[in-house]
Amino acid sequence: MMFTLLLLCGYTLAINYCDYDATGRFYAGTNECPQTNGVNYEYRKMTITDVPYETIILEDVDLNIFFGTNDTSFTPKNVIIKKSKTFSNMKYSFVNGISTITLDGIFEHNTINSYDIQDITFHILDFKATFVNKDDSKYIKVIKNGPTNQLNTITFKGLFNVNPITFTVNACDYVMTGNDITLEDQSHVYKLECDNQIKYFYCEGVSHVEPQCLDNQEKVLIDISVNDVFTIYGSSIQTIVSNSNASTIKINSANDKSENVLISLQPHSYNLRVINKESTVYASKIIDGTVQFSQSTTWKITTDALIDSILVDEKDLIVVGMNGKKINNNNGVYSVGINGQCEAAQIGKEFKCISDESLSDNSSENSETSLSNDSSSISESSENVDSESHFSDNSSESGDNESSLSNDSFSSYEPESSETSSSHGSTETSSETSKTQSSESNSMTNNSDDSNNNTDNDGLSGGAIFAIVLALLIVLIIIIIIIGVLVYFFIFKPKKQSTYTGI
1 MMFTLLLLCG YTLAINYCDY DATGRFYAGT NECPQTNGVN YEYRKMTITD VPYETIILED
61 VDLNIFFGTN DTSFTPKNVI IKKSKTFSNM KYSFVNGIST ITLDGIFEHN TINSYDIQDI
121 TFHILDFKAT FVNKDDSKYI KVIKNGPTNQ LNTITFKGLF NVNPITFTVN ACDYVMTGND
181 ITLEDQSHVY KLECDNQIKY FYCEGVSHVE PQCLDNQEKV LIDISVNDVF TIYGSSIQTI
241 VSNSNASTIK INSANDKSEN VLISLQPHSY NLRVINKEST VYASKIIDGT VQFSQSTTWK
301 ITTDALIDSI LVDEKDLIVV GMNGKKINNN NGVYSVGING QCEAAQIGKE FKCISDESLS
361 DNSSENSETS LSNDSSSISE SSENVDSESH FSDNSSESGD NESSLSNDSF SSYEPESSET
421 SSSHGSTETS SETSKTQSSE SNSMTNNSDD SNNNTDNDGL SGGAIFAIVL ALLIVLIIII
481 IIIGVLVYFF IFKPKKQSTY TGI
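Per full-length UniProt numbering, residue 1 is the first one in the sequence shown, and the count goes up by one each step.
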């Protein structure tokens, strides 16, 4: 009996291993997977990264496989998955890379007592995957994360029966493309057919989604219903927010392509956060109007809305005021409004501003005059940017934690997990307020300078005090050494004993 149990245990352990040969062919076997050439093996888990093959073949490899890691890309361009048996609930996780995945063999929807049995699940993270099927329809279960470093859209070529699951909550995400796929679960999934191509979007936390195709131009119109943080995952398709109850609209731009997101709202106060793998743009307390975001090599926000503050992190930003509106600098805080003036200052990396082209020549001349007159106040107020507005970005890997923003002049920017709606209303920006705050800032600066001068004149400087203390310490050490030498010679030094030898 014991011998039989040992045999069963040995067989169970043996089938958890795999082999592969020098051609990039991985197959079920009884040998341990070598941990060389970009392959790392643990018990029932294998990680493949930069193997020296353009194509790898996985044949009945009943393991949890990770294609790439967070830090290392999966380099093969093609993956062929051959499956002739039922797996034991394995997961193939495509973590980082771009590849075409061809399915060959048995991929069916299995159920036992009306329960779904998934022998293999495909998990798409920061991976751009193209699934190919040249045979009859194949069933696959796909789990998709929200993109972080690159768009992780999924393309299906061939007949597929797809069970899509996404982790995005209160978000819109362009999930997959395929003309010959059948969806098992269509909840929160919206179809856009344009230019002989069908695309699918996943939107949750919305009251209305309307995909449009006009003259082969793709658009998605959404109404946001949740009073919480809402994320729009960036894509090349224009997304238009017609109405929103969101306290913060976050645009996650996880790619390097141009994007176009237009937010057009009824009078409502909300925050905007635009992020990608390189940098972040914050715009706080946007009230009424439209905000259009696009990104190629430089962030660009085109708006006629009133924006209390804009902060840029590690990238250039161009803000364009529409409909005769300009950018207003109020002591380091930038807003777009009727009375705004287009000015430039150093915030984050660099902040740029362009006046609306529809403005008259006189207004542009006035803008230039105002810019030259206020240059001194800009330089002074830029020193107070950190005290006027503080942004912090504490993001976990899953993106659950949002940035916090605190400023006396606008509502607080809470973490995403507990963010509340900004108060409704409008923010008034006037030149008198700007002058008052500027004068207060100047007076504070002058007072601080005067106090510093008084300190320097009334007492000794720090350097002089340090020199005096050092000299006293040196004298004290010398005195201690002299006293020690004297004590040694006069008290502790042993006296010489005379020797007397008598006859």
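For each residue, glycine too, the CB sits at the ideal point set by N, CA and C. Computed from a predicted model, the values in this text were never measured in an experiment.
In chain order, what residues of the same chain have a beta carbon less than 7 Å from the beta carbon of residue i, not counting five sequence neighbours either side?
i: C203; result: C172, H188, Y190, V209, I222
i: E185; result: Reading off the sequence, residue 185 comes out as Asp, not Glu. N163, P164.
i: D195; result: N216
i: Y53; result: G24, P76
i: K128; result: I98, Q150, L151, N152, T153
Could you pull out every residue in the same chain whose Cβ sits closer than 6 Å to the Cβ of residue i, ignoring the five residues on either side in sequence?
i: T86; result: D119
i: K141; result: Q118, T121, N163
i: K157; result: V132
i: K91; result: N64, T121, H123
i: residue 511; result: Nothing in the structure corresponds to residue 511, since the chain is present only between 1 and 503.
i: I81; result: L58, L103
i: N40; result: T47
i: D228; result: N170
i: K83; result: G105, I106
Where DSSP assigns a beta bridge to residue i, which residues make up the other side?
i: H208; result: D223
i: E184; result: Bridge partners of E184: none, in fact.
i: S93; result: F66, H123
i: E42; result: K45
i: I101; result: V79, F131
i: Q197; result: C194
i: N161; result: Y139, T182
i: S244; result: I224
i: I112; result: Y115
i: I263; result: V241, V291
For residue i, which residues of its own chain have a beta-carbon under 8 Å away from its beta-carbon, when the five flanking residues on both sides are left out?
i: I224; result: G205, V206, S207, F230, V241, N243, S244, N245, A246, I249
i: S387; result: Note on S387: pLDDT 32, under 50, position unreliable in the model; no value is reported.
i: S88; result: D62, D119
My assumption, with CB atoms under 8 Å, is that residue i sits in contact with residue j. Please give the rounded CB distance.
i: P76; j: S99; result: 6 Å
i: I124; j: N152; result: 5 Å
i: D126; j: V79; result: In fact, because the Cβ distance is near 16 Å, the residues do not count as touching under 8 Å.
i: L159; j: N133; result: 6 Å
i: F131; j: I101; result: 5 Å
i: H109; j: N145; result: So it is not a contact: roughly 23 Å between Cβ atoms.
i: T49; j: G68; result: 6 Å
i: I232; j: E218; result: The pair is not a contact, with the Cβ atoms about 15 Å apart (cut-off 8 Å).
i: V51; j: G24; result: 7 Å
i: N170; j: V220; result: Not confirmed; about 16 Å, so no contact.
i: G97; j: S73; result: 5 Å
i: I154; j: M176; result: 4 Å
i: L192; j: P211; result: 4 Å
State the DSSP-derived secondary structure class of residue i, mapped to helix, strand or coil.
i: F167; result: coil
i: F293; result: strand
i: L470; result: helix
i: L58; result: strand
i: G484; result: helix
i: F87; result: coil
i: L117; result: The question names Leu, yet the displayed sequence has Ile at residue 117. Three-state result, I117: strand.
i: L476; result: helix
i: I232; result: strand
i: F74; result: strand
i: I465; result: helix
i: F107; result: coil
i: I154; result: strand
i: residue 505; result: The question about residue 505 has no answer here: the residues shown for the chain are numbered 1 through 503.
i: V51; result: coil
i: T177; result: strand
i: T148; result: coil
Is residue i close to chain C? Criterion is C-beta to C-beta, closer than 8 Å.
i: V209; result: Here chain C cannot be found, since the structure has a single protein chain.
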